[in-house]
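Residue numbers (the numbering used here): 478 to 693. Backbone N, C-alpha and C define an ideal beta-carbon position, used for all residues, glycine too. Treat the numbers as computed from the prediction; the structure is a model and nothing was measured.
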């Protein structure tokens, strides 16, 4: 299990899924908090290249100048991540009919708030959706993750949101036939194959022992 936010694999295929995975054990699907400070949240943002470096640096400085606000922003991020985890896990396992109203209501409210922060920015003679990075707010990182969640739910096939068969993390299956089972073949896929091989070998050994006893 990797605890450090600087080392955790980012195999979700979408910023919002890496955001969710960052708070959970990669084997047991239990809470494993890797955000020990607001700075850890910014580390994830930086690794995913969601914001300009100068913007991240300003937010880090602001968090030092206003520690109480930084603590509140981190708590809010953790709460939103928990609601998103509930929703996406149910979605990945086709159990949306069982989802509670609290998580979905909170998620909808926060997403609406995030989308309202978007603006149009001139880029190569086009107007493209973007963010006003000139004004700093410690909640800004959340808007990027919520917008990522909106995009994956609205613009992607939701059947491609899956839970890894080798660990508990979520990932977006971008394969042509939608047949991917693991977040990363080199780790989870090999680990699962090794487990199946061990079970088969153990089962074969047990059968041989049973036959030997019968002969006796």
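- Contact check for residue 485 against residue 647 fails: the beta carbons are separated by 7 Å or more.
- Rounded to the nearest whole angstrom, the CA to CA distance from residue 494 to residue 601 is 30 Å.
- The segment 608–627 and the segment 579–598 touch, with three or more beta-carbon pairs separated by less than 8 Å.
- Residue 481 and residue 487 have their C-alpha atoms some 12 Å from each other.
- Taking each of 563, 530, 571, 537 in turn and checking the Cα distance to residue 578, the smallest one comes out for 563.
- Under the three-state reduction of DSSP, residue 653 is assigned to coil, being neither helix nor strand.
- Residue pairing for residue 608: DSSP places it in a beta bridge opposite 595.
- In this structure, DSSP gives residue 647 an extended state, which the three-state scheme calls strand.
- Cα atoms of residue 609 and residue 660: separation of roughly 33 Å, rounded to the nearest angstrom.
- Around the beta-carbon of residue 508, fewer than 16 other beta-carbon atoms lie within 10 Å, marking it exposed.
- When only Cα atoms are considered, residue 598 and residue 524 end up about 24 Å apart.
- In the assembly as shown, residue 587 is a buried residue. Its beta-carbon has 16 or more other beta-carbons within 10 Å.
- Inter-residue distance for residue 639 and residue 649 is about 6 Å (C-alpha atoms, whole angstroms).
- In the DSSP secondary-structure assignment, residue 603 is bridged to 600.
- In the structure shown, residue 638 adopts extended strand secondary structure according to DSSP, grouped into three states.
- The alpha carbon of residue 576 has as its nearest neighbour, out of 489, 560, 589, the alpha carbon of 560.
- Counting along the chain, residue 628 sits inside the alpha helix (DSSP H) bounded by residues 617–632.
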